[in-house]
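*Asks:*
In this note's numbering, the protein residues as written are -6 to 218.
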């Protein structure tokens, strides 16, 4: 969205996203943490820094695609949530810094929509998880539990919303509205779960979120106790 380099660049949307597989934090290889941080956070930082001179010249927009998981704590999402929370924090800081330049920085935090982010090679993920576990961890959690974790991607995909138009509408509004919002939350859970996390006692919220995630994404799974 630019007329010429001399007039600047009006809009930048950072929408790169990688999920891999929801995994207990103790089981998650550190290489997966690095991979998610590189794609979900650091790549957006690098692209934004590269184009900010043009965006400042046009007094344009930066739109960053985070996730509900970047705000709401959910089991098995330690790596993905950390990367999206970092992007959300970066966006909030950048929004304040860009005020004097007349640049709007918007953050979109959708709940679960069906995209290709759920498409991963589950057999490779399964092997990577099993090979990364120490004998003690493998014994305590059980190989059956660890082996079925990648299948949660299928459960998530089946329960995700098919219609992604709410997310696209938010992108459009963030780029073209005269008064864009700092935060967009498309999807019913995108406003409900943050509200519950802020207002419920911690024990009550923990009970709700663990039961919800357990039943929705991996109903038959339980680690060996």
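Even for Gly, the Cβ is constructed at its ideal location relative to N, Cα and C.
Could you check the C-alpha separation between residue 83 and residue 145 for me, to the nearest Å?
*Replies:* Going by the C-alpha atoms only, they are around 29 Å apart.
*Asks:* Where residue 134 and residue 69 are concerned, what is the direct C-alpha to C-alpha distance, given to the nearest angstrom?
*Replies:* Their Cα atoms are separated by approximately 14 Å.
*Asks:* Whole beta strand (DSSP E) runs in the segment 12 to 100 with 3 or more residues, listed along the chain?
*Replies:* Listed in chain order, they are 54 to 58.
*Asks:* Are there 16 or more other CB atoms within 10 angstroms of the CB of residue 97, so buried, or fewer, so exposed?
*Replies:* Residue 97 comes out buried.
*Asks:* Under a three-way DSSP split, which group does residue 152 fall into?
*Replies:* Reduced to three states, the DSSP call for residue 152 is helix.
*Asks:* Would you call the CB atoms of residue 179 and residue 159 closer than 8 Å?
*Replies:* Yes, Cβ-Cβ distance for residue 179 and residue 159 is below 8 Å.
*Asks:* Does residue 54 pass the burial test, meaning 16 or more other C-beta atoms within 10 Å, or should it be called exposed?
*Replies:* The residue in question, residue 54, is buried, as its Cβ has 16 or more Cβ neighbours within 10 Å.
*Asks:* Can you give the Cα-Cα distance for residue 1 and residue 91, rounded to whole angstroms?
*Replies:* Near 15 Å, if we compare the C-alpha coordinates of residue 91 and residue 1.
*Asks:* Find out if the Cβ-Cβ distance for the pair residue 40, residue 167 is shorter than 8 Å.
*Replies:* Contact: no.
*Asks:* Specify the secondary structure class of residue 161 as computed by DSSP and reduced to three states.
*Replies:* Correct three-state label for residue 161: helix.
*Asks:* Along the chain, where does the alpha helix (DSSP H) containing residue 189 start, and where does it finish?
*Replies:* 181 to 192 is the extent of the alpha helix (DSSP H) around residue 189.
*Asks:* In this structure, how does DSSP classify residue 123 when only helix, strand and coil are distinguished?
*Replies:* Residue 123 falls in the helix class under three-state DSSP.
*Asks:* Hey, how far is the Cα of residue 173 from the Cα of residue 6?
*Replies:* In a straight line, the C-alpha of residue 173 is about 14 Å away from that of residue 6.
*Asks:* Which residue comes first and which comes last in the alpha helix (DSSP H) that contains residue 131?
*Replies:* It spans 128 to 134 - the alpha helix (DSSP H) in which residue 131 sits, taken as one unbroken run.
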